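Visitor: With our numbering applied, the sequence shown covers 3 to 277. Ideal Cβ positions, reconstructed from N, Cα and C, are used throughout, including at glycine. These numbers come from a predicted model, not from an experiment. The structure's right below; bear with me while I get my questions together.
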Amino acid sequence: MPELPEVQMVVNELQERLTGRRFAPGATFLWERTAGFPAAAEFAERLAGREVTGVRRRAKYILVDLDSGEQLVIHLRMTGNLHFADPSEPPHPHLRARLPLSDGQELRFADTRKFGRLYLGTPLELEAVIPLHRLGPEPLDDDFTVELLRSRLSRRHGAIKAALMDQALLAGLGNIYADEALFRARIDPRRPADTLSDSEVAALHAGILASLHQALGSGGTSFRDYLSTYGRKGDNEENLQVFRRNGEACLRCGNPLQRIVVGGRGTHYCAVCQV
Ligand SMILES: [Zn+2]
């Protein structure tokens with residue numbers, strides 16, 4: 003599932019490939035529910051003729067700014083993929099939406115699991131539909147400090163792993179980078195968030211940044227599903243230190259890594275050096 007680094011890679015490409023281009027009439031949804039808001043017919047009508055003025059990321063959402071002041075918001079969820087194609091190119095087997103561009107190409111949205119959503123509206127309309135205002139701070143922003151992380155965690159009694167994945171506490175982390183950050187910080191994923199010492203919070207802050215920056219530098223983590231808009235896989239899987247490495251030797255102490263369930267999610271960690 004794409005997390006912050008993977009969504010950022012897509013945003014970087016769209017910034018380059020979509021900015022300045024204009025949507026044409028005729029957007030179609032092959033799976034109606036992919037149009038999260040408004041319904042497909044109104045979606046197509048409002049998108050027609052709009053020029054893209056910029057592309058940004060907020061948490062795991064892709065925000066495409068339009069010259070009308072509206073935004074096209076894309077949430078890839080588990081398996082969503084954006085790519086460009088000529089109309090004559092055979093469709094992806096799980097194609098869910100075609101958004102034609104005025105230059106003849108189309109932006110296509112494929113999504114095997116069908117959880118991905120496209121939204122279109124003014125910022126005010128969108129706030130009522132997707133909770134962007136409730137999202138926590140961006141970990142790559144300058145104002146994401148050790149102190150900010152400490153104050154947010156100090157109010158949480160639940161497992162630190164679950165807290166890190168809560169988008170209202172911190173934006174953009176999912177299962178992969180929560181596990182990786184906790185391993186780097188040597189913290190047991192089950193620890194109550196409010197029991198971390200100041201030095202542990204500082205180590206966790208550093209671990210979050212290091213695992214995200216490494217992933218960004220490697221084009222993100224792909225496994226089966228995530229692909230860039232060019233259809234490329236990311237190379238970060240080889241950099242992962244614990245995620246899905248259960249049974250393999252810990253890179254720090256050599257003991258076999260474990261897989262447990264925390265907050266309903268498969269969690270990978272070293273029972274010896276994460277305490
Ligand atoms: Zn270890």
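Tell me which residues share the same chain as ARG23 and place their Cβ nearer than 6 Å to its Cβ, disregarding the 5 neighbours each side in the sequence.
Guide: VAL54 and LEU103
Visitor: Return the residue from the list VAL13, GLY123, THR231 and ILE162 that minimises the CA-CA distance to SER199.
Guide: Of the candidates VAL13, GLY123, THR231 and ILE162, ILE162 places its Cα closest to the Cα of SER199.
Visitor: Assign LEU166 to buried or exposed, taking buried as 16 or more other Cβ atoms, counted over all protein chains shown, within 10 Å of its Cβ.
Guide: buried
Visitor: Kindly examine ligand 1 and report whether one of its heavy atoms sits closer than 6 Å to the Cβ of ARG48.
Guide: no
Visitor: Could you tell me which of ARG246, LEU253 and CYS252 sits nearest to GLY268, measuring between CA atoms?
Guide: ARG246
Visitor: Report the residue from THR36, ALA42 and HIS85 whose alpha carbon sits nearest the alpha carbon of ARG234.
Guide: HIS85
Visitor: How would you call ALA219, buried or exposed, if buried means at least 16 neighbouring beta carbons within 10 angstroms?
Guide: Sequence check: residue 219 is Gly here, not Ala. It is exposed - the Cβ of GLY219 has fewer than 16 other Cβ atoms within 10 Å.
Visitor: Identify, in the order they occur along the chain, each residue of the same chain with its Cβ nearer than 8 Å to the Cβ of ALA205, setting aside the five sequence neighbours on each side.
Guide: ARG186, ALA187, ARG188 and ILE189
Visitor: Out of SER224, LEU137 and VAL277, point me to the one whose CA is closest to ARG59's CA.
Guide: LEU137
Visitor: Could you tell me which uninterrupted beta strand (DSSP E) segments, each at least 3 residues in length, are contained entirely in the stretch 196–268, listed from first to last along the chain?
Guide: 260–264
Visitor: Measuring straight from C-alpha to C-alpha, what distance separates TYR228 and ASN177?
Guide: 14 Å
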